[in-house]
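Participant:
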Amino acid sequence: MVQAAMTGTPTNTPGTDDDLSTTPSTEPVHPEQGAALEIRGLSVSYRTRGGIVRAVRDVDLDVRPGEVTAVVGESGSGKSTTAHAVTRLLAPNAHIDAGTIRFGRHDLTTLTEAELRTVRGARIGLVPQDPSVSLNPVKRVGEQVAEVLRIHGLATRRSAPAEAIDILNRAGLPDAATRARQYPHELSGGMRQRALIAIALAAGPELIIADEPTSALDVTVQRVILDHLQRLTEELGTAILLVTHDLGVAADRAQRLVVMSQGQVVEAGPTRDVLADPQHAYTRRLLASAPSLATARPRTPVAPPAQTGSTPLVEVRGAVKEFRLPRAGGGSRTLRAVDDVSFTLHRGQTLALVGESGSGKSTTARLVLRLTDATDGHILFDGEDVTTARGAQARHLRRRAQLVYQNPYASLDPRFSIGEVITEPLRAFKVGDRASRLARARDLLDRVALPASTLERRPAELSGGQRQRVAIARALALSPDLVVCDEPVSALDVSVQAQVLDLLAELQADTGVAYLFISHDLAVVRQIAHQVAVMRAGRIVETGAPEDLFTHPRHEYTRELLAAIPGRRDDHDLRTRTA
Amino acid sequence: MRRYVIKRLAQAVGVLWAAYTVSFLVLDFLPGDPVTAMAGAGMDSGQVDPAQLTALRHEYGFDKPVLVQYADYLGKAVRGDFGDSVSTGRPVSSTLADALPQTLQLTGAALLLAVFLGGGLAVLATYTSRRWLRQLLLSLPPLGVSVPTFWVGLLLVESFSFRLHWFAAFGNDGLRGLILPAVTLAVPTGAQVAQVLAKSLLTALDQAYVETARAKGAGRWRIHLRHALRNASLPALTVVGLLVGQLIAGSVVVETVFSRDGLGRVTAAAVTAQDIPLVQGVVVFGALIFVVTNLVVDLVYPLLDPRIVVAPGRKAVAV
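These protein sequence lines map, in sequence, to chains R and P.
Going by the numbering used here, the first residue of the first sequence is number 13, and it counts up by one from there.
Going by the numbering used here, the first residue of the second sequence is number 210, and it counts up by one from there.
Structure, rendered in structure tokens:
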């Protein structure tokens with residue numbers, strides 16, 4: 013099956029003319045020519061309690077100097093395991109069963125641990141996934157960059173600090189000398205990722221493995237980081253193995269695309285060819301469900317008649333929320349997380365709050381749900397002022413307004429059965445008896461398209477998408493008027509994202525529930541919202557119908573956000589392709 | 210920073226006051242009073258002149274209302290005067306001061322042994338890639354915690370003093386006399402340090418930054434000592450702070466078993482003799498040592514982990 017897919021598309025044999033045209037200023041970085049990294053027939057398995065899991069099966073993959081090869085796939089596809097197998101940074105229970113990983117003159121699968129240490133960091137750099145946890149919290153940033161040079165004997169104790177600053181500078185960290193003296197927690201996510209890029213680049217490696225390097229970052233930051241990584245590697249002729257779940261990112265950045273599913277390569281070839289003419293059904297499905305690429309496929313549901321006459325379900329007037337910051341030297345300061353925010357949300361409609369982290373969108377939602385007190389302004393729920401609601405009134409509000417959290421892995425009590433999870437709101441409000449509650453749970457599961465047998469299972473036995481369906485069922489248990497969805501799909505794989513969004517739209521059509529939908533992802537918002545409010549630094553900078561916003565963004569920041577969506581660099585091409 | 214220290218000092222004073230007050234109340238509720246005990250200990254006949262007793266009670270202030278006694282004693286205690294020992298007649302403060310050096314030697318040595326042996330064991334157990342060795346090393350701490358201190362002491366004396374004649378079994382005879390009691394005292398303490406440090410080392414080694422370090426080409430030893438150990442040392446440090454209290458308590462048993470002079474023996478004697486001023490002095494003094502150690506521990510935290518900022522309320526900003 014792999015072979016069929018591979019031969020069906022142009023395989024990456026070295027020396028095609030495409031190769032010459034994309035390798036910039038072909039200074040022969042590798043005189044022996046060909047790929048910087050050549051993986052053949054790689055198989056990796058994990059020994060687990062439940063038996064042996066074959067995570068990677070017979071994978072072939074090439075990365076060439078000065079080129080980006082992207083490995084795309086969903087979680088569990090084996091893409092990360094493949095990438096980590098290169099430098100043999102695998103979990104202790106992982107085992108490379110077969111295959112070769114040729115890098116320069118070595119076969120990395122046969123090197124000893126000591127030999128590998130001379131390759132890691134020096135000749136192969138790794139940019140890890142989550143910048144918030146990948147730097148040692150108790151060491152200064154400069155020290156951590158200098159460590160690479162010290163380990164590989166590229167700098168002395170004296171020269172290392174200055175060189176580290178230099179490298180940080182090159183990695184695009186502003187004011188590198190100051191940053192080098194700071195600790196990771198004093199840097200933003202984007203700055204930390206730059207520091208990690210500096211660590212990866214420090215020794216001037218021939219290959220960089222970037223494992224989801226930007227998926228934990230805001231879109232605008234993501235773009236800047238990727239631009240920078242790309243420019244650096246083009247200048248230096250470094251090869252990049254980019255692992256990503258985001259087809260948009262891959263489409264923008266990679267010359268070559270390798271699509272993985274269930275441990276196998278299902279399709280590989282030049283990015284343009286794969287996107288233009290996907291051979292494998294899985295690639296086509298991935299393309300269709302990638303929200304950032306689906307620009308030609310807005311799914312905006314039929315807008316219900318504007319209910320201008322009736323009372324809006326939620327009305328927020330000039331809401332302000334301030335947080336007190338710790339005193340630093342001078343007097344006390346406050347942070348205006350939400351600054352004079354006003355909007356209305358009607359029954360059966362979806363209002364999306366869009367913005368980056370720190371823009372105040374989640375705090376706004378918490379104000380509406382009365383999970384936090386407003387500093388100023390008014391919040392009306394169904395015409396009733398709930399700004400300072402307490403006791404019975406707040407409890408009444410809780411019953412009518414529910415919440416779906418971002419992370420379905422954390423928001424379900426692992427000790428509850430799914431039945432208990434879904435019926436908990438009913439028990440809390442003493443609705444019905446045992447039997448009727450169970451019947452309701454069964455009905456809700458049916459609505460979110462899960463089998464009734466799920467009732468007896470535990471959250472750990474479900475996939476991320478299934479868990480989020482359970483969370484939605486729980487939110488709907490009390491038949492609320494409003495459901496606040498806080499990034500409900502951002503922790504899910506793209507194809508699952510599409511299913512969950514479809515489900516939300518369907519449920520809205522059936523029950524007339526209103527959604528306050530929080531997201532950093534404009535592409536997702538476009539598929540579900542009737543109204544979009546773009547937030548920045550606590551303020552709403554622009555509101556409008558999603559189509560208007562996408563085609564005629566008025567505010568500078570909206571334009572910036574739109575431009576940062578991955579998969580839009582070749583917008584016209586992609587549009588015609590995915591149509 | 211200064212605000213933080215002041216706040217912590219104020220807390221420390223609060224703890225000391227509470228220790229004093231609780232010990233005062235407990236001792237006040239005990240049946241019998243020290244004067245009777247003293248009189249009973251002095252004469253075998255039990256024929257004591259009631260007038261004499263009254264005079265004594267008046268001298269020690271036991272005839273005053275409880276609250277007045279409390280205020281009197283507290284006022285003096287603040288100035289370091291805990292009165293005179295009922296059984297020996299010497300001032301409590303000088304009794305404690307005499308006993309202190311011996312106990313400091315003992316507990317200090319025990320603490321060093323506990324930290325180095327316990328810490329070393331934890332580092333070794335988590336470093337080794339031999340499964341059997343790791344299992345063996347990790348099974349030692351629970352054993353060390355569960356065997357009784359006096360039993361360990363007797364065992365050591367039996368083998369090293371009586372059979373091998375390496376160390377002195379009794380007394381305060383310099384280093385030779387110090388080693389066995391210090392080891393005895395260090396066993397349960399070091400075991401707890403090892404348990405906590407091994408656990409947090411394993412947690413630290415699982416963190417993403419360790420993978421970053423591996424990707425840099427760092428060797429295992431470097432990763433273990435330079436990356437994981439510092440991150441893992443915080444919980445262990447907390448435990449060490451708490452264990453100091455346990456060491457002082459342990460010195461009662463150890464000093465008795467090894468017939469060493471020191472605070473522990475003073476405590477044991479004072480309790481047996483119902484020597485209330487002395488017991489109270491010991492309690493407050495123990496609390497003082499405990500509070501000071503934990504203050505030091507708290508001040509060391511920010512040096513080990515820069516994320517611990519000595520300013521309150523750094524949350525709720527995340528949106």
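Glycine is no exception: its CB is placed at the ideal position from the N, C-alpha and C atoms.
Just so you know, these numbers come straight off a predicted model, no measurement behind them.
How would you call R/Thr563, buried or exposed, if buried means at least 16 neighbouring beta carbons within 10 angstroms?
Facilitator: By the 10 Å Cβ count, R/Thr563 comes out exposed.
Participant: If we call anything under 7 angstroms between Cβ atoms a contact, is R/Leu325 one with R/Arg359?
Facilitator: Going by C-beta atoms, R/Leu325 is nearer than 7 angstroms to R/Arg359.
Participant: Measure the alpha-carbon distance for R/Glu572 versus R/Thr232 and round it to whole angstroms.
Facilitator: Each residue's alpha carbon lies about 7 angstroms from the other.
Participant: To which residues of the same chain is P/Arg516 closer than 7 angstroms at the C-beta, ignoring the five residues directly before and after it?
Facilitator: Cβ neighbours of P/Arg516 beyond the five flanking positions: none.
Participant: If you check the beta carbons only, do P/Arg439 and R/Val150 fall under 7 angstroms apart?
Facilitator: Cβ distance < 7 angstroms, so P/Arg439 and R/Val150 count as in contact.
Participant: Would DSSP call R/Gly137 helix, strand or coil?
Facilitator: Strand.
Participant: Please tell me whether R/Ser273 and R/Gly78 are closer than 7 angstroms, where the distance is taken between their beta carbons.
Facilitator: Not in contact: R/Ser273 and R/Gly78 (Cβ atoms no closer than 7 angstroms).
Participant: Below 8 angstroms on the Cβ atoms is my contact criterion, and I expect R/Thr353 with R/Ala331 to pass it. Report the Cβ-Cβ distance as a whole number of Å.
Facilitator: As written in the sequence, residue 353 of chain R is Val, which differs from the Thr given in the question. Yes, they are in contact, since the Cβ atoms of R/Val353 and R/Ala331 sit about 5 angstroms apart, within 8 angstroms.
Participant: Hey, does R/Ala167 have any beta-carbon neighbour from chain P nearer than 7 angstroms?
Facilitator: Not one chain P Cβ lies under 7 angstroms of R/Ala167.
Participant: One question on the structure: do R/Val139 and R/Ala97 come within less than 7 angstroms of each other, judged by their Cβ atoms?
Facilitator: It is not a contact, given that the beta carbons lie outside the stated cut-off.
Participant: If contacts are defined as beta-carbon pairs under 8 angstroms, then R/Ala82 and R/Leu269 qualify, I think. What distance do you get, rounded to the angstrom?
Facilitator: The pair is a contact, with the Cβ atoms about 5 angstroms apart (cut-off 8 angstroms).
Participant: Put P/Ala221 into one of helix, strand or coil per three-state DSSP.
Facilitator: Helix at P/Ala221.
Participant: Taking all protein chains shown into account, decide if P/Val505 is buried (16 or more other Cβ within 10 angstroms of its Cβ) or exposed.
Facilitator: Classification for P/Val505: exposed.
Participant: At least one CB of chain P closer than 7 angstroms to the CB of R/Val157: is that the case?
Facilitator: No, because no Cβ of chain P sits closer than 7 angstroms to the Cβ of R/Val157.
Participant: Within 7 angstroms (strictly less), CB to CB, does R/Val160 reach chain P?
Facilitator: Closer than 7 angstroms to some Cβ of chain P, the Cβ of R/Val160 qualifies, so yes.
Participant: Please list the terminal residues of the continuous beta strand (DSSP E) segment that includes R/Asp389.
Facilitator: Reading off the sequence shown, one finds Gly at residue 389 of chain R, where the question assumed Asp. That run of the beta strand (DSSP E) goes Asp388 to Phe393.
Participant: Is any beta-carbon of chain P found at less than 7 angstroms from that of R/Gly90?
Facilitator: False, the Cβ-Cβ gap to chain P never drops below 7 angstroms.
Participant: Within the chosen definition, does the region 125–135 of chain R reach the region 161–176 of chain R through at least 3 CB pairs nearer than 8 angstroms?
Facilitator: Flag = yes, the region 125–135 of chain R and the region 161–176 of chain R touch.
Participant: Compute the Euclidean distance between the alpha carbons of R/Val482 and R/Ile434, then round it to the nearest angstrom.
Facilitator: Each residue's alpha carbon lies about 7 angstroms from the other.
Participant: According to DSSP, is R/Asp522 helix, strand or coil?
Facilitator: The answer is helix: DSSP assigns R/Asp522 an H, G or I state.
Participant: Using a C-beta to C-beta distance shorter than 7 angstroms, which residues of chain R count as neighbours of P/Glu268?
Facilitator: Here the premise fails: no neighbours, minimum Cβ distance about 54 angstroms.
Participant: Starting from the C-beta of R/Ala453, find all residues in its chain whose C-beta is less than 7 angstroms away, skip the five residues before and the five after it, and write them out in chain order.
Facilitator: Closer than 7 angstroms at the Cβ level, and outside the excluded window around R/Ala453, lie Gly431, Ile434, Thr435 and Leu467.
Participant: Going by beta carbon distance, what residues of the same chain come within less than 6 angstroms of R/Leu219, once the five residues before and after it are set aside?
Facilitator: Correct list, in chain order: Ala48, Leu49, Ile136 and Ala251.
Participant: Applying the 10 Å Cβ sphere with the 16-neighbour rule, what's the burial state of R/Asp522?
Facilitator: So R/Asp522 counts as exposed.
Participant: Going by CA-CA distance only, name the one from P/Leu443, P/Val295, P/Phe325 and P/Val332 that's closest to P/Asp514.
Facilitator: Ranking P/Leu443, P/Val295, P/Phe325 and P/Val332 by Cα distance to P/Asp514 puts P/Leu443 first.
Participant: Looking only at its chain, what residues have a beta carbon closer than 8 angstroms to the beta carbon of P/Leu320, apart from the 5 residues adjacent to it on each side?
Facilitator: Result list for P/Leu320: Ala395, Thr398, Val449, Leu452, Val453 and Leu456, in chain order.
Participant: Since R/Pro143 contacts R/Leu208 with CB under 8 angstroms, what's their CB separation in whole angstroms?
Facilitator: Right, the Cβ-Cβ distance comes to about 6 angstroms (below 8 angstroms), so this counts as a contact.
Participant: Could you tell me which of R/Tyr58, R/Leu54 and R/Arg191 sits nearest to R/Arg152, measuring between CA atoms?
Facilitator: Of the listed residues, the one whose Cα sits closest to R/Arg152 is R/Arg191.
Participant: Could you give the DSSP three-state label for R/Ser33: helix, strand or coil?
Facilitator: Note that R/Ser33 scores 38 on pLDDT, short of 50, meaning its location in the model is unreliable and no value can be drawn from it.
Participant: Determine whether the beta carbon atoms of R/His542 and R/Gln267 lie at a separation below 7 angstroms.
Facilitator: Going by C-beta atoms, R/His542 is not nearer than 7 angstroms to R/Gln267.
Participant: Could you check what DSSP says for R/Asp351 in three-state terms: helix, strand or coil?
Facilitator: Looking at R/Asp351 - three-state DSSP - the assignment turns out to be strand.
Participant: On the three-pair Cβ rule with 8 angstroms, is the region 294–313 of chain P touching the region 463–482 of chain P?
Facilitator: Result yes; three or more Cβ-Cβ pairs closer than 8 angstroms.
Participant: Report the rounded CA-to-CA distance for R/Glu368 versus R/Gln205, giving the unit in angstroms.
Facilitator: Distance between the alpha carbons of R/Glu368 and R/Gln205: 17 angstroms.
Participant: Evaluate the contact criterion for the region 410–424 of chain R versus the region 487–497 of chain R: three or more CB pairs, one atom per stretch, below 8 angstroms.
Facilitator: Judged by Cβ distances under 8 angstroms, the region 410–424 of chain R makes contact with the region 487–497 of chain R, as three or more pairs qualify.
Participant: Between the alpha carbons of R/Ser374 and R/Gly477, how many angstroms are there, rounded?
Facilitator: One C-alpha to the other measures close to 22 angstroms.
Participant: Could you name each continuous alpha helix (DSSP H) segment of 4 residues or more that falls completely within the region 520–572 of chain R, going from the start of the chain to the end?
Facilitator: Entirely contained in the region 520–572 of chain R, the alpha helix (DSSP H) runs reaching 4 residues are, in chain order, 534–540 and 558–563.
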